[in-house]
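Counting along the sequence shown from 1, when you hit position 153 you're at 201 in this note's numbering, and nothing is skipped either side. Virtual Cβ for every residue (Gly too), placed ideally from N, Cα, C.
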Amino acid sequence: MSARTVVRAVVDSNLLVSGILGRRPRSHAGRLHRAILVRRFQLVISDYILREVRDVLLSPEIQETGAPPEHVVDRIVAALRLTGQVVPGSFEGDFAPNNPKDSPIVACALEGDAGYVVTDDRALLDLGARRLAAFRPVRIVYAKKFLELLDRGDA
Numbered sequence: 049m050s051a052r053t054v055v056r057a058v059v060d061s062n063l064l065v066s067g068i069l070g071r072r073p074r075s076h077a078g079r080l081h082r083a084i085l086v087r088r089f090q091l092v093i094s095d096y097i098l099r100e101v102r103d104v105l106l107s108p109e110i111q112e113t114g115a116p117p118e119h120v121v122d123r124i125v126a127a128l129r130l131t132g133q134v135v136p137g138s139f140e141g142d143f144a145p146n147n148p149k150d151s152p153i154v155a156c157a158l159e160g161d162a163g164y165v166v167t168d169d170r171a172l173l174d175l176g177a178r179r180l181a182a183f184r185p186v187r188i189v190y191a192k193k194f195l196e197l198l199d200r201g202d203a
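Here's what the structure looks like:
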């Protein structure tokens with residue numbers, strides 16, 4: 049019997065927020081959220097991503113749509129912290145030259161030895177697979193593609 053390698057992935061904060069809000073449970077974000085909850089893969093996350101999720105969920109625009117109140121958002125962020133592997137966030141660099149806001153996402157994947165960054169963000173997807181010296185490559189894929197890989201056992 050061979051031990052199966054656990055898939056490690058960073059999920060973009062936009063997908064996390066969409067999944068948390070749960071307005072479309074059958075969407076890719078909704079399915080990813082369920083996959084995180086049942087631990088179909090190891091979520092790799094950073095304080096940067098956790099802050100971004102919290103900030104978006106508490107933004108006036110999202111709060112006006114019936115998002116959870118602050119005390120519930122704090123519980124959600126705490127649950128993500130417990131479910132995911134939180135990386136220290138010590139990697140810095142220009143990993144996404146065309147969009148500096150994406151650099152911490154790629155840094156999280158590299159620091160956490162994640163094989164995937166899951167996103168529907170076109171700018172991040174345009175980075176493709178990233179390989180930096182001393183690190184294994186990180187594949188940057190659409191949520192749909194990642195879910196297909198998980199379903200087939202190819203991730």
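Using the rule of at least 16 other Cβ atoms within 10 Å of the residue's Cβ for burial, across every protein chain shown, is Glu118 buried or exposed?
exposed
Establish whether the CB of Val135 and some CB of chain C are separated by less than 9 Å.
Here there is only one protein chain, and chain C is not present.
Closer than 6 Å by C-beta to Ala57: which residues in its own chain qualify, once you throw out the five before and the five after it? Chain order, please.
Phe89, Ala162, Tyr164, Val166
Take the Cβ of Gly114 as the centre, count every other Cβ of all protein chains shown within 10 Å, and call the residue buried at 16 or more, exposed below.
Exposed is the call here.
Could you check the C-alpha separation between Ala126 and Gly141 for me, to the nearest Å?
C-alpha separation (whole angstroms): 27 Å.
Ignore the nearest five residues each way along the sequence and tell me which others in Arg102's own chain have a CB closer than 7 Å to its CB.
Val121, Val125
In the DSSP assignment, what residue or residues form a beta bridge with Ala57?
Leu91, Tyr164
Name the two residues that bound the continuous beta strand (DSSP E) containing Arg184.
Segment: none, Arg184 is in no beta strand (DSSP E) and carries neither H nor E.
With distance defined between alpha-carbon atoms, name the residue in Val186, Asn147, Leu85, Gln111 nearest to Cys156.
Val186
May I have the straight-line CA-CA distance separating Arg74 from Ala83, to the nearest angstrom?
Those two C-alpha atoms are separated by around 12 Å.
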